[in-house]
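Structure, as structure tokens:
Numbering (full-length UniProt numbering), first residue to last: 1 to 229.
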């Protein structure tokens, strides 16, 4: 059984991971489309920048967000002064940090799905008179949907375990920004907190495993439904 504070951490982790996917899904699909189909100067640089969160320490990402979206940052300052929106040390800030870290996972999944499509299907639709929007909505989008779905679920599962960027940008505030990984960290730093850390670690492991299995299952079923598997 989990305590009320531990349930808060679980609930907050699910909320933060869900918000992060909602924030990053559409931009990630657009970026993946540009990288898979676009031919423009700076494409390789864009590809490298998109995947930076996978290779730099998460603390660096959190620090960069703090510099940009802090109350004195070039983006966070105007948001706070003009609209009263403050992201640093808030649940929304935790979701933003998680979204940035999981963004390349969605891009990679969608891009692989796009690159695996048969271009002849789109060409056939074009020869039959379908415009680019019609081709995208009726041919391309359904065929790339397994990659979108798998990327979204994988990003959600990864978001449940994000630690470095969240604690750097949003801090470790119980009930506000203390997600499961941060709650586990706090428990390990408290005398006699080993039992709480163990319970939360088991919950984190179960949620992550469920997310990964769900991504694989949904991707396969959707692929079979589309006649691709």
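Heads up, the beta-carbon is just placed ideally off N, CA and C, and yes, glycines get one too. These numbers come from a predicted model, not from an experiment.
Taking DSSP as the reference, what is the three-state secondary structure of residue i?
| i | result |
| --- | --- |
| residue 72 | coil |
| residue 56 | coil |
| residue 2 | coil |
| residue 118 | coil |
| residue 88 | coil |
| residue 146 | helix |
| residue 18 | helix |
| residue 78 | helix |
| residue 174 | coil |
| residue 179 | coil |
| residue 163 | coil |
| residue 130 | coil |
| residue 229 | Model confidence at residue 229 stands at a pLDDT of 45, short of 50, so the residue's coordinates are unreliable and nothing is read from them. |
List the whole-angstrom C-beta distance separating residue i from residue j, where the pair is believed to meet the contact cut-off of C-beta under 8 angstroms.
| i | j | result |
| --- | --- | --- |
| residue 177 | residue 91 | 6 angstroms |
| residue 28 | residue 110 | 6 angstroms |
| residue 16 | residue 168 | Between residue 168 and residue 16 the Cβ distance is about 15 angstroms, and since that is not below 8 angstroms, they are no contact. |
| residue 87 | residue 96 | 6 angstroms |
| residue 206 | residue 21 | So it is not a contact: roughly 19 angstroms between Cβ atoms. |
With distances taken Cα to Cα, identify the nearest neighbour of residue i among the options.
| i | options | result |
| --- | --- | --- |
| residue 58 | 157, 5, 164, 77 | 164 |
| residue 53 | 76, 65, 112 | 65 |
| residue 155 | 195, 210, 140 | 210 |
| residue 158 | 85, 140, 101 | 101 |
| residue 171 | 86, 32, 94 | 94 |
| residue 208 | 60, 191, 162 | 162 |
| residue 7 | 212, 203, 217, 221 | 203 |
| residue 37 | 114, 218, 18 | 114 |
| residue 46 | 108, 140, 128 | 108 |
Could you give the uninterrupted runs of the alpha helix (DSSP H) lying entirely in the region 26–51, keeping only those of 4 residues or more?
Counting whole runs of 4 or more residues, the region 26–51 contains the alpha helix (DSSP H) stretches 43–50.
Could you tell me whether the region 183–202 touches the region 1–17, using the rule of 3 or more Cβ pairs below 8 angstroms?
As far as the Cβ criterion goes, the region 183–202 touches the region 1–17, which means the pair count is three or higher.
Would the region 191–200 count as touching the region 108–125 if we require 3 or more Cβ pairs under 8 angstroms?
Taking 8 angstroms as the limit for Cβ pairs, the verdict is that the region 108–125 does not touch the region 191–200.
Please give the ranges of any alpha helix (DSSP H) in the region 179–207, keeping only runs that are unbroken, at least 4 residues long and fully inside the region.
If we require 4 residues or more, the alpha helix (DSSP H) runs fully inside the region 179–207 come out as 180–188.
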